[in-house]
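*Asks:* One point on numbering: in this note's numbering, the residue at position 42 of the sequence shown is 154, and numbering is uninterrupted. All C-beta atoms in this analysis are idealised placements derived from N, C-alpha and C, irrespective of residue type, glycine included.
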Amino acid sequence: TELSLDMPYIPNARQDRVRAQEDVFTLKYFAEVINWLNFESVTVLDPHSPVSEALIDKIQVKTPETFIWKTVERIGGTENLTMFYPDEGACKRYSGMVKLPYAFGIKNRDWETGDIRGLDVSGMTDCIRGRKILIIDDISSRGGTFYFSAKKLKELGAEEIYLYVSHCENTILEGDVLKSGLIRKVFTTNSIFTGKDERIEVFDYE
Numbered sequence: 113t114e115l116s117l118d119m120p121y122i123p124n125a126r127q128d129r130v131r132a133q134e135d136v137f138t139l140k141y142f143a144e145v146i147n148w149l150n151f152e153s154v155t156v157l158d159p160h161s162p163v164s165e166a167l168i169d170k171i172q173v174k175t176p177e178t179f180i181w182k183t184v185e186r187i188g189g190t191e192n193l194t195m196f197y198p199d200e201g202a203c204k205r206y207s208g209m210v211k212l213p214y215a216f217g218i219k220n221r222d223w224e225t226g227d228i229r230g231l232d233v234s235g236m237t238d239c240i241r242g243r244k245i246l247i248i249d250d251i252s253s254r255g256g257t258f259y260f261s262a263k264k265l266k267e268l269g270a271e272e273i274y275l276y277v278s279h280c281e282n283t284i285l286e287g288d289v290l291k292s293g294l295i296r297k298v299f300t301t302n303s304i305f306t307g308k309d310e311r312i313e314v315f316d317y318e
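1) Secondary structure at Tyr121, three-state DSSP: helix, strand or coil?
2) In the DSSP assignment, find the beta strand (DSSP E) that holds Cys203 and state where it starts and stops.
3) Suppose the cutoff is 6 angstroms on Cβ atoms and the five residues either side in sequence are ignored; what does the same chain contact list for Asn147 look like?
4) When DSSP labels each residue in this structure, what does Arg138 get in the three-state scheme?
5) So does the region 239-256 actually touch the region 280-294, counting three or more Cβ pairs closer than 8 angstroms?
6) Between the Cα of Ile248 and those of Ile122, Asp158, Phe142, spot the shortest distance and give me the residue it belongs to.
7) Have a look at Lys117 and Val145 and give me their C-alpha separation to the nearest angstrom.
8) Shortest alpha-carbon distance to Leu246 belongs to which of Glu318, Ala270, Gly293?
9) Report, in whole angstroms, the separation of the C-beta atoms of Phe151 and Leu193, which I expect to be a contact under 8 angstroms.
10) Residues in the same chain with beta-carbon distance under 6 angstroms from Glu177, minus the five sequence neighbours each way, listed in chain order, please.
11) How would you call Tyr330, buried or exposed, if buried means at least 16 neighbouring beta carbons within 10 angstroms?
12) In terms of alpha-carbon separation, which member of Thr113, Lys297, Leu139 lies closest to Glu309?
13) What's the C-alpha gap between Tyr259 and Thr138?
14) Is the beta carbon of Tyr197 sitting closer than 9 angstroms to the one on Phe216?
15) Helix, strand or coil for Lys170 per DSSP?
16) Note down, one range per segment and in chain order, each beta strand (DSSP E) of at least 3 residues found wholly within the region 241-278.
17) My understanding is that Leu275 touches Ile295, with C-beta atoms under 8 angstroms, so please give their C-beta distance in whole angstroms.
18) From the DSSP output, which residues share a beta bridge with Met195?
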């Protein structure tokens, strides 16, 4: 019997590289287990990086475009809306899905700890002041990237800020991204999020 795997979120997706000898390439070993099971196809939603797509055999990728447009509808449509991508990788992945003005972030990260020290904004920065901003990315844990993004966007005069992430860990409830009040609402799918919060709207992954 041929079996297919529907796995919207790829576990260990962010462990997709090694920077030091003691680092473990966790994603590689997870992919080896999936490949050994020899599924007819493996369907995923919005993988973190091309590394996942290269490591998993017979992978079929679903883009989050449908969920992004649902989010746009929920926040009042495209009028006065600017998209924001937290880094250049997100910009490459998503800017072609929504043809609207956009800006993107350049993170200042401590590579030893992984902590973000700050964030600069590039792109159409003149389309931020007085406008509605939708931040888009693939995954959130505690949401540090989005907190620093929202903080910078507010400094640049953003009126309302919203966030869409395809995969949201429950740890977002502990982070500053919600506590700060900078982001009005978070939109995500039920790929991994199982928490409940009035500030988070969850779309059913189909």
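*Replies:* If we stick to the structure as given:
1) Tyr121: coil per DSSP, three-state reduction.
2) Here Cys203 belongs to no beta strand (DSSP E); instead the alpha helix (DSSP H) covers 200-206.
3) Taking Asn147 as the centre and dropping the five residues before and after it, the same chain places the C-beta of Asp169 closer than 6 angstroms to its C-beta, in chain order.
4) It is Thr, not Arg, that sits at residue 138 in the sequence shown. In the structure shown, Thr138 sits in a helix (DSSP, three-state: H, G or I).
5) Yes: at least three Cβ pairs fall under 8 angstroms.
6) Ranked by how close their Cα comes to the Cα of Ile248, the residues Ile122, Asp158, Phe142 have Asp158 in first place.
7) The question names Lys, yet the displayed sequence has Leu at residue 117. Rounded to the nearest angstrom, the two C-alpha atoms are 13 angstroms apart.
8) Sorting Glu318, Ala270, Gly293 by C-alpha distance to the C-alpha of Leu246 places Ala270 at the top.
9) Going by Cβ atoms, the distance from Phe151 to Leu193 rounds to 39 angstroms, so no, they are not a contact pair.
10) The residues are Met209.
11) Only positions 113 to 318 of the chain appear in the structure, and residue 330 is not among them; the question remains open.
12) According to the sequence provided, residue 309 is Asp. The question's Glu does not apply to it. Ranked by how close their Cα comes to the Cα of Asp309, the residues Thr113, Lys297, Leu139 have Lys297 in first place.
13) Going from the Cα of Tyr259 to the Cα of Thr138 covers about 27 angstroms.
14) With respect to the 9 angstroms criterion, Tyr197 and Phe216 are classified as neighbours on the basis of their beta carbons.
15) Three-state result, Lys170: coil.
16) Counting only runs of 3 or more, we get 244-252.
17) The C-beta separation of Leu275 from Ile295 comes to about 5 angstroms, placing the pair in contact by the 8 angstroms criterion.
18) According to DSSP, Met195 bridges with Tyr214, Leu246.
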